[in-house]
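If you read the protein sequences in the order shown, they are chains A and B. Residues 1 to 346, numbered by this note's numbering, are exactly what the first sequence covers, in order. Residues 1 to 346, numbered by this note's numbering, are exactly what the second sequence covers, in order.
There are 2 protein chains.
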Amino acid sequence: MRRKAMRIAIIGFGGVGRAFLRLLKDKKDELKEINPQVNYVIDYMGGIYDPEGIDIEKLADFSEKNRDITKYPIGGSPEITFDSMLANKDVDVVIEMTPTNKDTGEPGMTHIIKSLENGFHVVTSNKGPILLGYKKLKEIARKNNVQLGIGCTSGGALPTINAGIIDMAGSNILSIEGVLNGTTNFILNEMESTGVEYQEALKKAQQAGIAETDPTLDVEGWDTATKLLILTNVLMNEEKTLDDIKVEGITSIKVSDIQEAAENGQKYKLVGKTVRKEDKLEMSVRLEKLNPDNPLYGVDGKNKAVRYTSDTLGDLTIIGGASGVTPAAASILRDLINIYMGCKFV
Amino acid sequence: MRRKAMRIAIIGFGGVGRAFLRLLKDKKDELKEINPQVNYVIDYMGGIYDPEGIDIEKLADFSEKNRDITKYPIGGSPEITFDSMLANKDVDVVIEMTPTNKDTGEPGMTHIIKSLENGFHVVTSNKGPILLGYKKLKEIARKNNVQLGIGCTSGGALPTINAGIIDMAGSNILSIEGVLNGTTNFILNEMESTGVEYQEALKKAQQAGIAETDPTLDVEGWDTATKLLILTNVLMNEEKTLDDIKVEGITSIKVSDIQEAAENGQKYKLVGKTVRKEDKLEMSVRLEKLNPDNPLYGVDGKNKAVRYTSDTLGDLTIIGGASGVTPAAASILRDLINIYMGCKFV
Chain A
1 MRRKAMRIAI IGFGGVGRAF LRLLKDKKDE LKEINPQVNY VIDYMGGIYD
51 PEGIDIEKLA DFSEKNRDIT KYPIGGSPEI TFDSMLANKD VDVVIEMTPT
101 NKDTGEPGMT HIIKSLENGF HVVTSNKGPI LLGYKKLKEI ARKNNVQLGI
151 GCTSGGALPT INAGIIDMAG SNILSIEGVL NGTTNFILNE MESTGVEYQE
201 ALKKAQQAGI AETDPTLDVE GWDTATKLLI LTNVLMNEEK TLDDIKVEGI
251 TSIKVSDIQE AAENGQKYKL VGKTVRKEDK LEMSVRLEKL NPDNPLYGVD
301 GKNKAVRYTS DTLGDLTIIG GASGVTPAAA SILRDLINIY MGCKFV
Chain B
1 MRRKAMRIAI IGFGGVGRAF LRLLKDKKDE LKEINPQVNY VIDYMGGIYD
51 PEGIDIEKLA DFSEKNRDIT KYPIGGSPEI TFDSMLANKD VDVVIEMTPT
101 NKDTGEPGMT HIIKSLENGF HVVTSNKGPI LLGYKKLKEI ARKNNVQLGI
151 GCTSGGALPT INAGIIDMAG SNILSIEGVL NGTTNFILNE MESTGVEYQE
201 ALKKAQQAGI AETDPTLDVE GWDTATKLLI LTNVLMNEEK TLDDIKVEGI
251 TSIKVSDIQE AAENGQKYKL VGKTVRKEDK LEMSVRLEKL NPDNPLYGVD
301 GKNKAVRYTS DTLGDLTIIG GASGVTPAAA SILRDLINIY MGCKFV
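Have a look at this one:
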């Protein structure tokens with residue numbers, strides 16, 4: 001008996017999208033039960049549509065060499081758009097991977113809303129819509145009895161959302177504390193281990209492809225703030241904005257500060273933290289000196305970590321999270337599988 | 001509209017069972033959606049049955065003072081047994097919390113099998129049946145389209161099973177490495193921080209109520225081996241037994257060993273480890289000298305931790321897990337909620 005396929009639309013076909021396709025190809029045998037069938041791949045130029053399922057191997061090969069998917073010989077066309085998918089409705093899950101816009105959330109916001117309203121599950125890597133309107137999106141998902149997987153938006157391979165929802169089920173999360181940005185972690189490590197000042201360490205990180213040419217988002221703390229905001233709103237049922245977080249970066253730290261801390265057995269980390277104090281939520285991103293008994297102390301290099309404290313399940317720290325497009329794609333696949341398996345995230 | 005209740009039978013009413021009842025009482029408002037209704041509480045002397053749901057507050061008060069639940073005024077009787085529950089069938093989930101027997105698994109094994117066969121979900125804290133027959137139990141659960149929650153059997157509040165199944169979904173676990181026993185961790189810490197020898201540190205652990213009067217299971221490594229075996233069989237789909245694990249304890253370590261390691265910046269931990277080498281699985285429990293860059297290095301005192309490596313999601317280390325009956329009960333509640341929410345563990 002052939003199992004019913006899980007019909008997928010991939011919206012946004014950049015690095016993570018292509019890695020996701022490769023993953024579906026490489027894990028074909030393991031995914032037999034889920035039987036994923038990609039009916040659509042769509043990006044801003046147009047898309048590919050095959051109601052019988054796009055040949056993943058062929059498309060993976062094609063897209064290694066050719067970025068214009070509208071040229072794909074079987075079903076590729078500038079006419080295939082998000083709206084044509086909505087009109088056809090032959091989809092079970094929409095994977096939304098368009099570029100993040102933190103001011104408007106578009107085009108992801110519209111994609112996600114319309115997909116949920118049409119009864120499609122959504123899994124997304126797009127931080128913008130989650131930052132700006134998670135509560136609203138959650139309501140829409142619930143109303144339409146579909147799921148919204150957002151694991152990739154806060155930590156990628158590090159299962160911050162899973163851990164907060166599934167692993168802490170039945171307990172209340174009282175605080176969130178995380179080392180959530182690999183770039184600043186790398187820079188601080190570099191300063192400590194080689195004794196170079198910030199600018200030099202940043203340059204090294206840029207040469208290693210870890211920091212971007214414009215590193216502002218990372219080094220000024222905004223990437224950490226974004227992830228902290230998503231975790232706080234999702235796991236503590238809040239509707240905070242970036243304005244509610246006191247954000248400081250790492251740009252003014254000196255090697256002498258780091259060395260002084262090291263002499264006391266301490267380490268500086270850029271920590272994002274949400275703590276409920278009486279009835280107020282305090283949210284901050286700033287350099288903190290951690291003692292060795294803090295489980296975040298040892299989170300080095302490109303690793304990330306988050307620690308939750310709770311009322312009945314004690315503390316939980318999760319450390320890990322490989323970086324890059326394949327682990328990010330694997331976190332999309334994780335959400336997809338868990339939704340297929342019946343887990344409820346909203 | 002009143003929601004349909006989730007009807008529960010509590011089988012085995014020791015410390016964790018009573019803590020679980022208190023948790024249901026304390027979290028009544030939070031659990032409104034699930035609407036748990038305890039129809040049975042049964043132990044070896046008999047039980048309590050109320051088809052409309054036992055008054056949890058009253059029973060919690062009663063059982064603080066009185067261990068013989070058959071004396072409970074509303075529905076308590078020596079005639080109420082596991083079999084009477086099977087005959088009535090007015091249950092959705094059986095919480096199996098009878099004492100562990102690692103040789104026969106009984107009476108838990110029979111309870112779990114019959115419950116699953118009768119179409120009840122099962123959540124258990126009982127290591128015996130899981131150790132001896134997880135694969136068989138999983139098959140029975142699948143065949144009867146019900147779930148089997150075993151989170152409490154390996155790490156309690158530390159979500160080792162959740163993390164391995166849900167947080168690593170879509171990736172293959174290549175190795176498992178854990179500091180899974182709080183007692184040995186405490187003893188090794190004590191030796192390091194105060195410079196006393198093993199016997200002295202053990203005595204302290206016993207006085208603090210952390211080590212048992214007969215500490216063999218902990219200090220000889222068998223508790224760690226048991227948890228490692230469960231994780232290996234469940235997460236790597238194996239059918240190993242304790243005989244397949246090379247087990248060494250901590251009883252012969254000297255303070256001088258610990259100090260020598262400390263001078264090199266290393267720490268001794270009792271590590272349970274499963275690694276796939278070529279086509280063979282190597283399983284061991286033994287003292288290992290860990291470097292500071294190992295995420296298990298900082299797992300101190302009563303904390304526990306496990307680290308998974310995977311093919312596509314990188315490494316994941318989880319650290320935490322409060323000890324005691326309330327966190328253990330909270331891990332039972334976690335499984336219950338996740339099963340209610342639709343997560344599939346088998």
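For every residue, glycine included, the Cβ atom is placed at its ideal position computed from N, Cα and C.
Have a look at the options and flag the residue whose alpha-carbon is nearest the alpha-carbon of residue i.
i	options	result
A225 (chain A)	A:E263, A:A262, A:L180 and A:I80	A:L180
F20 (chain A)	A:G324, A:A87 and A:D279	A:G324
P292 (chain A)	B:M97, B:Y297 and B:I74	B:Y297
L270 (chain B)	B:D223, B:K277 and B:E260	B:D223
D279 (chain B)	B:D243, B:S256 and B:M236	B:M236
G149 (chain B)	A:G151, A:I166, A:I11 and A:N126	A:I166
Q266 (chain A)	A:L290, A:R286 and A:E238	A:L290
I253 (chain A)	A:L202, A:V275 and A:V234	A:L202
N144 (chain B)	B:G119, B:M45 and B:D26	B:G119
L86 (chain A)	A:K246, A:L116 and A:A5	A:L116
L229 (chain A)	A:K240, A:I34 and A:G221	A:K240
L23 (chain A)	A:I337, A:D244, A:M341 and A:M283	A:I337
T98 (chain B)	B:I10, B:G182 and B:K58	B:I10
S63 (chain B)	B:G14, B:N189, B:K27 and B:E238	B:G14
Of all Cβ atoms in chain B, is any one closer than 7 Å to the Cβ of residue i?
i	result
T312 (chain A)	yes
G156 (chain A)	no
D55 (chain A)	no
P327 (chain A)	yes
N185 (chain A)	no
I337 (chain A)	yes
I176 (chain A)	no
A330 (chain A)	yes
G108 (chain A)	no
K348 (chain A)	Examination of residue 348 (chain A) is not possible in this model, given that chain A is present from 1 through 346 alone.
I166 (chain A)	yes
G169 (chain A)	Sequence inspection shows Ala at residue 169 (chain A); the Gly mentioned does not correspond to that position. Yes, A169 (chain A) counts as interfacial toward chain B.
G265 (chain A)	no
Check whether the Cβ of residue i lies closer than 7 Å to any Cβ atom in chain A.
i	result
M1 (chain B)	Interpretation of M1 (chain B) is limited by its pLDDT of 43, a score under 50 that renders its predicted location unreliable; the figure taken from the coordinates is listed afterwards. Answer no: the Cβ-Cβ gap between M1 (chain B) and chain A never drops below 7 Å.
T153 (chain B)	no
T317 (chain B)	yes
R334 (chain B)	yes
N162 (chain B)	yes
F20 (chain B)	no
A60 (chain B)	no
D279 (chain B)	no
D29 (chain B)	no
A322 (chain B)	yes
A9 (chain B)	no
G15 (chain B)	no
Is it true that the CB of residue j sits closer than 7 Å to the CB of residue i?
i	j	result
Q147 (chain B)	F345 (chain B)	yes
V93 (chain B)	H111 (chain B)	no
I56 (chain A)	K32 (chain A)	no
V123 (chain B)	I140 (chain B)	no
V16 (chain B)	S125 (chain B)	yes
L281 (chain A)	I250 (chain A)	no
D90 (chain B)	P51 (chain B)	yes
I245 (chain B)	M283 (chain B)	yes
P129 (chain B)	G108 (chain B)	yes
K273 (chain A)	S154 (chain A)	no
K127 (chain A)	T100 (chain A)	yes
Is the shortest distance between the beta-carbon of residue i and the beta-carbons of chain E less than 7 Å?
i	result
G221 (chain B)	Here chain E cannot be found, since the structure's protein chains are A and B.
**Message:** Using 8 Å as the cut-off, can you tell me whether the stretch 168-179 of chain B makes contact with the stretch 295-308 of chain B, which would need three or more C-beta pairs spanning the two stretches below that distance?
**Reply:** yes
**Asked** Would the stretch 155-174 of chain A and the stretch 127-145 of chain A be scored as touching if the rule is three or more Cβ pairs under 8 Å?
**Response** no
**Prompt:** What are the complete beta strand (DSSP E) segments, minimum 3 residues, inside the stretch 125-190 of chain A?
**Reply:** 173-179
**Request:** Could you pull out every unbroken alpha helix (DSSP H) segment of at least 4 residues lying fully inside the stretch 86-122 of chain B, listed in chain order?
**Result:** 108-117
**Message:** Going residue by residue through the stretch 212-252 of chain B, where are the continuous beta strand (DSSP E) segments of at least 3 residues, counting only ones entirely within it?
**Reply:** 245-247
**Request:** Let me know the beta strand (DSSP E) ranges lying completely inside the stretch 262-297 of chain A, each 3 residues or longer, listed in chain order.
**Result:** 267-277 and 280-290
**Asked** Does the stretch 187-194 of chain A come within contact of the stretch 311-318 of chain A, defined as at least 3 CB pairs closer than 8 Å?
**Response** no
**the stretch 42-54 of chain A touching the stretch 68-80 of chain A, judged by at least three CB pairs closer than 8 Å** = yes
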